[in-house]
Every structure is written in C-alpha cells, then in structure tokens.
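According to our numbering, the sequence shown is numbered sequentially starting from 1.
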Amino acid sequence: MTIAELEDGITDLHSHLVPGVDDGSRTTEDALEAVQRMIDREVSTIVTTPHLSGLLTRRRDDLETRLADVDRAFAEVSAAIRARHPELTFLRGHEVMLDCPDPDLSDQRLRLASSDVVLVEWPGLRIPLETPRVLERLQRQGVRLLIAHVERYRGYDEELALVEAWRAEGAMLQANYGALCGRYGEDAKVRMLRMLERGWVDCLASDFHGRPHLRVHMECARRVFEELHADEAWRLLTRVNPARIVGGAKPLPVPPIEGEPGLLGKVLSLFRS
Ligand SMILES: [Fe+2]
1 MTIAELEDGI TDLHSHLVPG VDDGSRTTED ALEAVQRMID REVSTIVTTP HLSGLLTRRR
61 DDLETRLADV DRAFAEVSAA IRARHPELTF LRGHEVMLDC PDPDLSDQRL RLASSDVVLV
121 EWPGLRIPLE TPRVLERLQR QGVRLLIAHV ERYRGYDEEL ALVEAWRAEG AMLQANYGAL
181 CGRYGEDAKV RMLRMLERGW VDCLASDFHG RPHLRVHMEC ARRVFEELHA DEAWRLLTRV
241 NPARIVGGAK PLPVPPIEGE PGLLGKVLSL FRS
C-alpha cells in the first residue's frame with residue numbers, strides 16, 4: 001500500500017491487540033471488538049505493538065522463543081480480523097522497552113511492519129540518564145526511533161529541554177489520544193498540550209489495550225483539536241504522518257497549535273478528567 005492510500009484513513013501505530021502476549025487483549029473476541037471500535041473511529045490501518053523488553057534482545061534464544069509466540073498469536077488473530085474486516089490493514093511491530101542501554105534492534109520483527117522504525121519506551125515511565133546519547137547510539141543500528149507516549153514520562157523540566165534534545169537526535173515523538181482526555185492525569189495532559197503548542201509531536205496513537213472495559217479516547221481528543229481550530233494538525237498527526245512513518249518517509253512538520261491568549265486554559269478546563 002502506498003503512503004497516499006494509507007492516508008485515506010487513520011493509521012494507528014501503537015496498540016496491544018495480540019491476545020495473550022502482554023497486558024492488552026486477552027482473547028480473539030477482545031481483539032475483534034477492539035478493532036471494530038477503532039474502525040468506527042475511521043481507523044483503516046493498525047500496526048499493533050506487543051510489549052517487548054530490550055533486555056530480551058540480548059538473549060538470542062529467549063528472543064526467538066518470544067518472537068515465535070507473538071508470531072503465532074498474531075497469525076491467529078489477524079486471520080480472524082481479516083475474515084471479519086477485509087477492508088482493514090492489520091500489521092505488527094513491537095513496543096520495545098529501553099530497559100538496558102544497548103538493545104539489539106536488528107531483528108526486522110521488532111520494527112513497525114516492514115519499515116525501519118522501532119517504537120520504543122523508557123522503562124517505568126521514568127527517564128534514565130543520558131537518553132539523547134542512548135538514542136544516538138541506537139540509531140547507528142540503521143533504525144529510526146519513535147518514542148511512545150512522550151507525554152507520559154515523569155522528570156521533564158518546565159521547558160521540556162530533554163524532549164527537544166531527543167528531537168535534535170532525530171527521534172520521532174508519538175503521543176496518546178487519551179492524554180488529552182485526562183486518561184493519565186492533569187500533568188500529562190498539560191505536557192502534551194505544551195508539546196503540541198511547539199509543534200513537536202509527530203503522530204498520535206491509541207495505545208489501546210483492547211479490552212471491553214477500556215476506552216479508545218479518540219473522540220475526546222478530536223474535540224480538543226476542534227476546539228483549538230487545529231484541523232490541519234489533526235490530519236497530519238492521525239493520517240499523514242503515521243502513514244509516512246510506517247511507509248519509510250519523514251513525518252511532515254506539524255504546525256504549532258496556537259490558540260488566542262487564554263484558549264489553552266479554556267480547553268484545559270473544558271476537558272478536565
Ligand atoms: Fe503501549
């Protein structure tokens with residue numbers, strides 16, 4: 001599929017819909033229901049991303065066992081999804097936790113679909129030391145890095161200097177729809193809006209854990225963008241850039257979301273959790 005074709009719908013690059021391999025969907029039925037809810041919200045491509053510890057990439061046999069388990073479960077669920085939703089493109093990557101300084105990202109199965117992009121997260125939602133250098137070193141393996149739920153980590157300074165340093169290293173930034181709806185608390189919501197104000201976020205994703213009691217949070221995020229009159233940013237963050245990232249292209253710059261003075265505060269109070 002070409003990038004232009006992918007842009008016809010929303011592409012979601014971060015979710016946990018492979019049953020039984022992490023804390024996401026437990027059964028095929030969970031995954032089918034999750035997919036239906038995402039299709040109802042205009043999602044046409046899902047690259048689902050089971051959790052994987054970076055430490056495991058240094059233990060070849062354990063990694064093989066784990067990837068074989070994920071492959072098997074993914075093949076089963078994607079056959080069920082294809083049968084019910086032939087219109088949906090359902091692909092796989094991983095969300096690799098950087099819980100060691102030197103994970104080996106050479107296995108193509110760690111990357112988003114057949115791209116050169118690895119979705120990575122810092123361990124325990126805390127930011128370790130020397131992260132710009134870690135990113136620089138990892139990218140020497142010939143991969144591009146997409147930092148998962150960038151708004152959720154603790155330990156940023158007021159000016160988000162570390163986020164700027166990650167961007168300077170060439171890392172791309174993904175934020176979760178749910179943060180705008182208060183899913184991760186007020187601090188994460190404010191951090192995400194501050195990053196959107198600066199035009200730093202490259203794409204949005206659901207990080208949907210595919211269980212019936214959980215929400216997808218896309219409508220609420222959409223309402224925030226409408227309130228901010230940021231339709232073009234929404235299109236870039238949900239359709240264009242995710243398609244470009246998985247299609248091997250650079251994401252396009254996202255215009256900073258500028259509200260008239262006081263608009264940000266108004267939006268924050270409107271969408272209090
Ligand atoms: Fe995740």
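Idealized CB from N, CA, C, for every residue including glycine.
The model shown is predicted, which means the values in this text are computed figures rather than measured ones.
Cutoff 7 Å; reference R37; Cβ partners in own chain excluding five residues on either side:
V216
**Study point:** Burial state of T27 (16 or more Cβ within 10 Å)
**Key:** exposed
Presumed contact (8 Å Cβ cut-off) between G9 and H16, rounded CB distance: That belief does not hold up - the Cβ atoms of G9 and H16 are roughly 20 Å apart, past 8 Å.
Does at least one heavy atom of ligand 1 sit under 8 Å from the Cβ of H51?
-> yes
- Item | Cutoff 7 Å; reference A249; Cβ partners in own chain excluding five residues on either side | Beyond the five residues adjoining it in sequence on each side, A249 comes within less than 7 Å, by CB distance, of I3 in the same chain, given in chain order.
Exercise. Starting from the C-beta of R222, find all residues in its chain whose C-beta is less than 8 Å away, skip the five residues before and the five after it, and write them out in chain order.
Key: W234
**Prompt:** To the nearest angstrom, how far is it from the Cα of R152 to the Cα of H209?
**Reply:** 16 Å
Please report the distance separating the alpha-carbon of S273 from that of R109.
With a pLDDT of 42 at S273, under the threshold of 50, the modelled position of this residue cannot be trusted, and the question is left open.
Item checked: Length at least 4, wholly inside the stretch 140-219: the alpha helix (DSSP H) runs in chain order -> If we require 4 residues or more, the alpha helix (DSSP H) runs fully inside the stretch 140-219 come out as 161-168, 186-198.
**Prompt:** Under a Cβ-count criterion, where at least 16 other Cβ atoms within 10 Å of its own Cβ denotes burial, should D207 be classed as buried or exposed?
**Reply:** buried
request  = Quick one: measure Cβ to Cβ for P242 and L13, integer angstroms, because I've assumed they're closer than 8 Å.
outcome  = 5 Å
Report the CB separation of E232 from P255 in whole angstroms; it is logged as a contact under 8 Å. Their Cβ separation, rounded to whole angstroms, is 6 Å, which keeps E232 and P255 in contact under 8 Å.
Next on the checklist: Would you say D107 lies against chain D (beta-carbon separation less than 9 Å)?
Outcome noted: In summary, chain D is missing from the structure at hand, where a single protein chain is found.
Does the beta carbon of E121 fall short of 8 Å from some heavy atom of ligand 1? yes
Applying the 10 Å Cβ sphere with the 16-neighbour rule, what's the burial state of T49? buried
Note to self: If contacts are defined as beta-carbon pairs under 8 Å, then V18 and V70 qualify, I think. What distance do you get, rounded to the angstrom?
What the structure shows: 6 Å
- Query: Which runs of the alpha helix (DSSP H), 4 residues or longer, sit entirely within the stretch 54-140?
  - Reply: The stretch 54-140 contains, as complete alpha helix (DSSP H) runs of 4+ residues, the segments 60-84, 131-139 (chain order).
Query - Assigned secondary structure, S273 (DSSP; H/G/I helix, E/B strand, else coil) - result: In this predicted model, S273 has a pLDDT of only 42, less than 50, meaning its place in the structure is not dependable; the value taken from the coordinates is given anyway. Three-state result, S273: coil.
Discussion item. Could you check whether the Cβ of H85 sits closer than 8 Å to any heavy atom belonging to ligand 1?
Written reply: Residue side-chain check: H85 keeps its Cβ at 8 Å or more from all non-hydrogen atoms of ligand 1.
Proximal residues to T238 (C-beta, below 7 Å), its chain only, five neighbours per side dropped: I10, L204
Q.
Measuring only from the beta carbon, is A31 closer than 8 Å to any heavy atom that is part of ligand 1?
A. Shortest gap from the CB of A31 to any heavy atom of ligand 1: 8 Å or more.
_Rounded separation between E159 and Y177 - CA only_ = The straight-line gap from Cα to Cα measures roughly 22 Å.
Notebook entry, point to check: Name the DSSP beta bridge partners of I245, please?
Noted result: None, per the DSSP bridge assignment.
Delimiting residues of the alpha helix (DSSP H) encompassing I10: From DSSP, I10 is part of no alpha helix (DSSP H) but of the beta strand (DSSP E) over 10-12.
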